[in-house]
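In the numbering used here, the protein residues as written are 10 to 237.
Laid out in structure tokens, this is it:
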């Protein structure tokens, strides 16, 4: 006859097995939901290069770039009943230039995040890092909706960057072939984290657009030019 401890172990083992099977089904259900994220517009609106201390903890002056941009994107298809939140960020990328040869490298990129945001699903609004008034308005707009169709639709005009771009060399002015790129990371309640993909995988389509036109960082404005 089984002891109480053995019965408890068997019950716990059965419970964990059921939980694992249910969690696996929930994670697989994401693969059956189409994803078709798209970016309509991603472009710079103002680009400046300044010499100074980009952060309050910087120990020396260096060149850093400030890039303002506009963005129109529809990431609403990333939100399902299993989506907890979507992390969205924009990077500036440009080819690395080896110091020895002075020629661009096709295999190495400089990449720096200039802006990011977290978009919560209606079921995770309580985790949003916003004020009480904004949270109340957000929850009210999503009341009774398992999937809010407006979530993930971004329309941003002349957005100031959260982060300035620097380089280990301390010089970044007059850099060519710079592009802005949109990235996303889907964080589910159950399952694996997924990032934007470069190819279509079943019902999951690659991000359309998401890349700006190439541009160059300007030279540092001289004091003589500023007076004029």
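Beta carbons are placed, not taken as given, at the ideal position from N, Cα and C, and that holds for glycine.
Alpha carbon to alpha carbon, what distance is there between residue j and residue i?
i           : j           : result
residue 168 : residue 191 : 14 Å
residue 174 : residue 184 : 12 Å
residue 220 : residue 81  : 12 Å
residue 77  : residue 31  : 45 Å
residue 170 : residue 66  : 18 Å
residue 61  : residue 38  : 51 Å
residue 148 : residue 196 : 20 Å
residue 117 : residue 91  : 36 Å
residue 106 : residue 68  : 25 Å
residue 179 : residue 164 : 33 Å
residue 211 : residue 41  : 9 Å
residue 15  : residue 33  : 27 Å
residue 27  : residue 83  : 36 Å
When the distance is taken between beta carbons, is residue j closer than 8 Å to residue i?
i           : j           : result
residue 79  : residue 100 : no
residue 208 : residue 36  : no
If you drop the 5 nearest sequence neighbours on each side, which residues of the same chain put their C-beta closer than 6 Å to that of residue i?
i          : result
residue 97 : 126, 193
residue 74 : 58, 174, 181, 226
Ordered along the chain, which non-local residues of its own chain (more than five positions away) have a Cβ less than 7 Å from that of residue i?
i           : result
residue 151 : 131, 134, 157
residue 218 : 47, 48, 49, 51
residue 206 : 213, 215
residue 86  : 43, 44, 45, 46
residue 21  : none
residue 160 : 85, 88, 128, 130
Within 10 angstroms of the Cβ of residue i, are there 16 or more other Cβ atoms? Answer buried if so, exposed if not.
i           : result
residue 24  : exposed
residue 239 : Any property of residue 239 remains undetermined from this structure, which presents the chain solely from 10 to 237.
residue 181 : buried
residue 29  : exposed
residue 95  : buried
residue 58  : buried
residue 226 : buried
residue 123 : buried
residue 172 : buried
residue 121 : buried
Can you list, in chain order, the residues of its chain whose CB lies under 8 Å from that of residue i, leaving out five sequence neighbours each side?
i           : result
residue 235 : With a pLDDT of 44 at residue 235, under the threshold of 50, the modelled position of this residue cannot be trusted, and the question is left open.
residue 222 : 52, 188
residue 139 : 147
residue 1   : Any property of residue 1 remains undetermined from this structure, which presents the chain solely from 10 to 237.
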